[in-house]
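> Heads up: the protein sequence lines correspond to chains A and B, in order.
Each residue of the first sequence is one higher than the last, beginning at 84 in the working numbering.
Each residue of the second sequence is one higher than the last, beginning at 84 in the working numbering.
So that we are looking at the same thing, I have put the structure below in structure tokens.
Protein chains: 2
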Amino acid sequence: MSRKSAEPNDGQKPFRVPVDEIRKRTAKIQRELQQNGIDGLFIAQRVDLFYFSGTAQNGFLYIPAEGQPTLFIKQYYPRAREESGIDHIVEIDSIRDVPRQIAQIYGGMPETLGFELDVLPVNDFNYYTRIFKIKKYVDGSPLIFNLRKIKSDWEIQQMEKTAELTAKTFEYMRDAIEPGLSEMEFAAMAESYARKRGHQGKIRTRHYQTEGYPWHFLSGKNGAMPGLLDAAASGAGTSAAFPVGAGRKKIGINEPIMIDMGMVLNGYHLDETRMFAIESMPNRAMQASQIAIEIHNLVLEKASPGVALDELFEYSVKIAESRGIAESYLGAAGHKVSFIGHGIGLEIVEPQYIARNKKEILQPGMTFALEPKMVFVDEFAAGVESVFVVTHKGARLITKIPVEVFIC
Amino acid sequence: MSRKSAEPNDGQKPFRVPVDEIRKRTAKIQRELQQNGIDGLFIAQRVDLFYFSGTAQNGFLYIPAEGQPTLFIKQYYPRAREESGIDHIVEIDSIRDVPRQIAQIYGGMPETLGFELDVLPVNDFNYYTRIFKIKKYVDGSPLIFNLRKIKSDWEIQQMEKTAELTAKTFEYMRDAIEPGLSEMEFAAMAESYARKRGHQGKIRTRHYQTEGYPWHFLSGKNGAMPGLLDAAASGAGTSAAFPVGAGRKKIGINEPIMIDMGMVLNGYHLDETRMFAIESMPNRAMQASQIAIEIHNLVLEKASPGVALDELFEYSVKIAESRGIAESYLGAAGHKVSFIGHGIGLEIVEPQYIARNKKEILQPGMTFALEPKMVFVDEFAAGVESVFVVTHKGARLITKIPVEVFIC
Chain A
84 MSRKSAEPND GQKPFRVPVD EIRKRTAKIQ RELQQNGIDG LFIAQRVDLF YFSGTAQNGF
144 LYIPAEGQPT LFIKQYYPRA REESGIDHIV EIDSIRDVPR QIAQIYGGMP ETLGFELDVL
204 PVNDFNYYTR IFKIKKYVDG SPLIFNLRKI KSDWEIQQME KTAELTAKTF EYMRDAIEPG
264 LSEMEFAAMA ESYARKRGHQ GKIRTRHYQT EGYPWHFLSG KNGAMPGLLD AAASGAGTSA
324 AFPVGAGRKK IGINEPIMID MGMVLNGYHL DETRMFAIES MPNRAMQASQ IAIEIHNLVL
384 EKASPGVALD ELFEYSVKIA ESRGIAESYL GAAGHKVSFI GHGIGLEIVE PQYIARNKKE
444 ILQPGMTFAL EPKMVFVDEF AAGVESVFVV THKGARLITK IPVEVFIC
Chain B
84 MSRKSAEPND GQKPFRVPVD EIRKRTAKIQ RELQQNGIDG LFIAQRVDLF YFSGTAQNGF
144 LYIPAEGQPT LFIKQYYPRA REESGIDHIV EIDSIRDVPR QIAQIYGGMP ETLGFELDVL
204 PVNDFNYYTR IFKIKKYVDG SPLIFNLRKI KSDWEIQQME KTAELTAKTF EYMRDAIEPG
264 LSEMEFAAMA ESYARKRGHQ GKIRTRHYQT EGYPWHFLSG KNGAMPGLLD AAASGAGTSA
324 AFPVGAGRKK IGINEPIMID MGMVLNGYHL DETRMFAIES MPNRAMQASQ IAIEIHNLVL
384 EKASPGVALD ELFEYSVKIA ESRGIAESYL GAAGHKVSFI GHGIGLEIVE PQYIARNKKE
444 ILQPGMTFAL EPKMVFVDEF AAGVESVFVV THKGARLITK IPVEVFIC
């Protein structure tokens, strides 16, 4: 396999997923396929394609339960060849070529084929089944997430690089925040800073209805607005057409400002929140922010392998109750969320969830964005969010931003 | 119906879709449903929901073939009530409540129900069909686009407001461009300028595989890189994980820079491209840019009601041939696109397409982004892109940016 580095950039060595990573992932998903009696997995979704092949070029990946995977590339073969740790890459004109190719390469078609049915639209699926003519189709996405939820050491290193960029960006925001800037303007300034340093800008989300964007900057009352997001606070947004995140409201002095920023470097996301205030933080908001930090720290202490996800969630609710903020915790009455954390990696929200009734236990290598938040109706939102990894010794923060309230 | 304006923003009157627009759209889609023997349409996708209801809050819209539509809102009812021109809004806890509500409100369930099968994932569809228990499901998306492709005067006015913002932003870029800025850095500066003035930042795309982002800024050789996009030029992007659009390459003097920027104001998109150069544009790039402008202008002259889409496409190819640039036109050999324009409105790419073999004819109210582009392998990309509306008198530019090469 030859992997040249012809990517035009700033002279840095181009980012590549190590071949060894791709091989380990392939071996693991093949074990899953075998255990579940699935003969092959057909991957179309771009993030899964990148995860299993190292390239996000236009194409499809076929992973048989046994043997070598084949990467089918529509466009652009030279970039895919250069980027991918997959040995066998075939250039195609159209997906119509794929079934015949699979039959040739593997000496026949699989009997049971897995698709990403959590994202594949009905019309696409109907087309695929017409051209593949296979007996049985199953949803391969749970198997994929069974792998993706456990990050390798290399993946944790990538997330740590993203964390370095977010720490710098939060430092920048500490200096740059000024009264009179609109939420959206300040968010754009922070993003400019980060994009100059490698932030890809586009946040990856999986479900077609999920709104993903890096600029969840909410000041004062805008933090207290419920809205379309499954989040404690949705924000005003720029208009009724995009009613989430930063809006046109100007940031003022002496008001609580919740800055929740998504960041992506080389495909790996971080999702972090800190409370900011210019000059001073009002007392109630400061108390709420400190309680959020306390919950965050106590949950982290408890987040060891073997602990159930819902145990962490209920533990946080108990602390909130004991501190007298149950009414505000996790959102306004009638609009509370039932989670305090979500998996994170190549997408900003991934299974698993630290949530009510989630019985799965923490395992080493799982990464979560932990975000205990509260909403005081008609007043403000308060909270904190960090990303951590579960290790054998317990939770370790990936986030490098100080866990404190920023008074600027 | 009461519609208060409680949205916290900069004191401007909040943007609302007029009630009259919603009523006309409802009447039109109901005619389509009746003509196609579909008893009702169930709308979940956010942009369609906004189009037919005026709100993008978390919910679903049911439009029966006859009678009043019902908007079901999970979250957040007060915002939906304030924004929407739909009279009948019902607050729900879950989509599980919807079938029973429909049966009650309409005295029974529809026999044939339309869903947005072009975007609805298989797992969601399977869930919907389980809870709806209806005889026949059809794809409602072609009917939706049959309406959406013809813009009302009010919609054209919205796009004109977006066009004013892009014209200002291109003027800003003319001043702000400097050698040594990276593509991504310069793109982020331009976006900051625009986001301060209302640009929502997130580009709306429909299909789950489409990469939508506003920062398609490609300089020099980066313009000549084929990649995953169905576009003449894909760009370097920030890494193998997001290999499209602006990259880390620094902008230089005397090189062709293709700036293709998406913009959204109040939900309405524009998509425009101009060639920039600092100090001077190399001769071949200047010639290519001028030919692109010539093709753009000649196609516009011909774009009258009754002309077929493919006629415009083939006409552009003929001009390119007669000017001796057939080899570069529409992309590198083997990677050419087969379109020069796409519909645009609430999503950045909408049907119809000015493309090979598209026999549909132009109708008044259709809006297109017209983008004749060319790629010189290993050298650069050149092109131009404007948005126009088809009127009874012919094409009228919505774009307000001068159609010229910008030497800065």
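Just so it is clear, CB atoms sit at the ideal spot from N, CA and C, and this is done for glycine as well.
The structure displayed is predicted, hence computed values, not measured ones.
(1) Quick one: grab the DSSP three-state call for B:Ser-372.
(2) Can you list, in chain order, the residues of the region 135 to 158 of chain B whose Cβ is nearer than 7 Å to any Cβ on chain A?
(3) For B:Arg-406, which of helix, strand or coil comes out of DSSP?
(4) Indicate the three-state DSSP secondary structure (helix, strand or coil) for B:Ser-469 in the structure shown.
(5) Do we get a CB-CB distance below 7 Å when we pair A:Arg-406 with the residues of chain B?
(6) Please decide whether A:Pro-309 counts as near chain B, where near means a Cβ-Cβ distance under 7 Å.
(7) Figure out for me which residue from B:Leu-413, B:Lys-442, B:Ala-452 and B:Tyr-160 has the closest Cα to the Cα of B:Gly-306.
(8) Measuring only the C-alpha atoms, how far is B:Gln-187 from A:Tyr-220?
(9) Could you please give me the residues that DSSP links to A:Pro-204 through a beta bridge?
(10) Using only the alpha-carbon positions, how far apart do A:Leu-353 and A:Ala-246 sit?
(11) Measure the beta-carbon distance from A:Ala-324 to B:Ala-139 and round it to whole angstroms, keeping in mind my assumption that it falls under 8 Å.
(12) Helix, strand or coil, according to DSSP, for A:Met-457 in the structure here?
(13) CB A:Pro-388 to CB A:Pro-447, shorter than 7 Å?
(14) Please report the residue range of the beta strand (DSSP E) in which A:Pro-225 lies.
(15) Starting from the C-beta of A:Ala-184, find all residues in its chain whose C-beta is less than 8 Å away, skip the five residues before and the five after it, and write them out in chain order.
(16) Taking the continuous alpha helix (DSSP H) assigned at A:Phe-531, which residues delimit it?
(17) Just how far apart, CA to CA, sit A:Ala-110 and A:Met-267?
(18) Any chance the region 398 to 414 of chain A sits against the region 101 to 115 of chain B, with 3 or more Cβ pairs inside 8 Å?
(19) Can you check whether the C-beta of A:Lys-419 is within less than 7 Å of a C-beta belonging to chain B?
(20) Would you call A:Ile-260 buried or exposed, if buried means 16 or more other Cβ atoms sit within 10 Å of its Cβ?
(21) Can you name the residues of chain A whose CB is closer than 8 Å to the CB of B:Ser-275?
(22) Return no unless some Cβ of chain B is closer than 7 Å to the Cβ of A:Asn-229.
(23) Tell me whether A:Pro-97 sits in a helix, a strand or coil according to DSSP, three-state version.
(24) How is A:His-475 classed by DSSP in three states: helix, strand or coil?
(25) Can you tell me which of the three DSSP states A:Leu-154 falls into?
(26) For B:Ala-148, which residues from the same chain have a beta carbon less than 7 Å from its beta carbon, with the 5 sequence-adjacent residues on both sides left out?
(27) Would you mind telling me which residues of chain A sit closer than 9 Å to B:Glu-166, beta carbon to beta carbon, in chain order?
(28) Which value, in whole angstroms, describes the spacing of the CA atoms of B:Leu-264 and B:Ile-105?
(29) Please go through the same chain and pick out, in chain order, the residues whose beta-carbon is closer than 6 Å to the beta-carbon of B:Tyr-436, but skip the five residues on each side of it.
(30) Answer yes or no: does any C-beta atom of chain A fall closer than 7 Å to that of B:Arg-439?
(31) State the CB to CB distance for the pair A:Gln-241 and A:Tyr-351, rounded to an integer number of angstroms; the pair is presumed to be in contact (CB under 8 Å).
(32) Would A:Asn-92 pass as an interface residue toward chain B - the criterion being a Cβ-Cβ separation below 7 Å?
(33) Taking all protein chains shown into account, decide if B:Tyr-210 is buried (16 or more other Cβ within 10 angstroms of its Cβ) or exposed.
(34) Considering Cα atoms alone, identify which of B:Glu-294, B:Asn-337 and B:Thr-195 is closest to B:Arg-367.
(35) For the beta strand (DSSP E) containing A:Glu-433, name the first residue and the last one.
(36) Going by Cα to Cα distance, which pick from A:Gln-158, A:Arg-179 and A:Thr-195 is closest to A:Ile-146?
Short version:
(1) Correct three-state label for B:Ser-372: helix.
(2) When CB distances to chain A are screened at a threshold of 7 Å, the residues of the region 135 to 158 of chain B falling below it are Gly-137, Thr-138, Ala-139, Gln-140, Asn-141 and Gln-158, in chain order.
(3) The answer is coil: DSSP assigns B:Arg-406 none of H, G, I, E or B.
(4) B:Ser-469 falls in the strand class under three-state DSSP.
(5) For A:Arg-406, the closest Cβ of chain B is not nearer than 7 Å.
(6) A:Pro-309 has a beta carbon lying within less than 7 Å of a beta carbon in chain B.
(7) Ranked by Cα distance from B:Gly-306, the first of B:Leu-413, B:Lys-442, B:Ala-452 and B:Tyr-160 is B:Leu-413.
(8) Note on geometry: alpha-carbon atoms of B:Gln-187 and A:Tyr-220 lie some 36 Å from one another.
(9) The bridge partners DSSP lists for A:Pro-204 are B:Pro-204.
(10) Using only the alpha carbons, I get a separation of about 7 Å.
(11) Taking a contact as a CB-CB distance under 8 Å, the pair A:Ala-324 and B:Ala-139 counts as one, their CB atoms being some 6 Å apart.
(12) In this structure, A:Met-457 counts as strand in the three-state DSSP scheme.
(13) In this structure, A:Pro-388 sits near A:Pro-447, with a CB-CB distance shorter than 7 Å.
(14) Careful: A:Pro-225 lies outside any beta strand (DSSP E), inside the alpha helix (DSSP H) at 224 to 231.
(15) A small correction: the amino acid at residue 184 of chain A is Gln; Ala does not occupy that position in the sequence shown. Beyond the five residues adjoining it in sequence on each side, A:Gln-184 comes within less than 8 Å, by CB distance, of Thr-153, Phe-155, Val-173 and Ile-175 in the same chain, given in chain order.
(16) What is shown of chain A runs 84 to 491, which leaves residue 531 of chain A out entirely.
(17) In a straight line, the C-alpha of A:Ala-110 is about 45 Å away from that of A:Met-267.
(18) Per the Cβ contact rule, the region 398 to 414 of chain A is not in contact with the region 101 to 115 of chain B (fewer than 3 Cβ pairs under 8 Å).
(19) No - not a single Cβ of chain B is within 7 Å of the one on A:Lys-419.
(20) In the assembly as shown, A:Ile-260 is a buried residue. Its beta-carbon has 16 or more other beta-carbons within 10 Å.
(21) The contacting residues are Glu-268, Ala-271, Met-272, Glu-274 and Ser-275.
(22) For A:Asn-229, the answer is no, since every Cβ of chain B falls outside 7 Å of its Cβ.
(23) Shown here, A:Pro-97 sits in coil according to DSSP, grouped into three states, outside any helix or strand.
(24) In the structure shown, A:His-475 sits in coil (DSSP, three-state: anything other than H, G, I, E or B).
(25) Residue state, collapsed to three classes: strand.
(26) Taking C-beta separations shorter than 7 Å and ignoring five residues to either side along the sequence, the partners of B:Ala-148 in its chain run Gln-113, Leu-116, Gln-117, Ile-121, Asp-122 and Gly-123, following chain order.
(27) By Cβ distance, chain A contributes Ala-323 and Pro-326.
(28) In a straight line, the C-alpha of B:Leu-264 is about 45 Å away from that of B:Ile-105.
(29) In the same chain as B:Tyr-436, and ignoring 5 residues on each side of it, the C-beta atoms closer than 6 Å to its own belong to Phe-422 and His-425, in chain order.
(30) No, B:Arg-439 does not count as interfacial toward chain A.
(31) Contact between A:Gln-241 and A:Tyr-351 holds: their C-beta atoms lie close to 4 Å from each other, under 8 Å.
(32) Summary for A:Asn-92: the model assigns pLDDT 49, below 50, so the residue's position carries little reliability; its value from the coordinates is reported in the next sentence. Output row for A:Asn-92: interface = yes.
(33) Result: exposed.
(34) Out of B:Glu-294, B:Asn-337 and B:Thr-195, B:Asn-337 has the C-alpha closest to the C-alpha of B:Arg-367.
(35) Looking at the DSSP string, the run of the beta strand (DSSP E) that includes A:Glu-433 is 433 to 438.
(36) By alpha-carbon distance to A:Ile-146, the top candidate from A:Gln-158, A:Arg-179 and A:Thr-195 is A:Thr-195.
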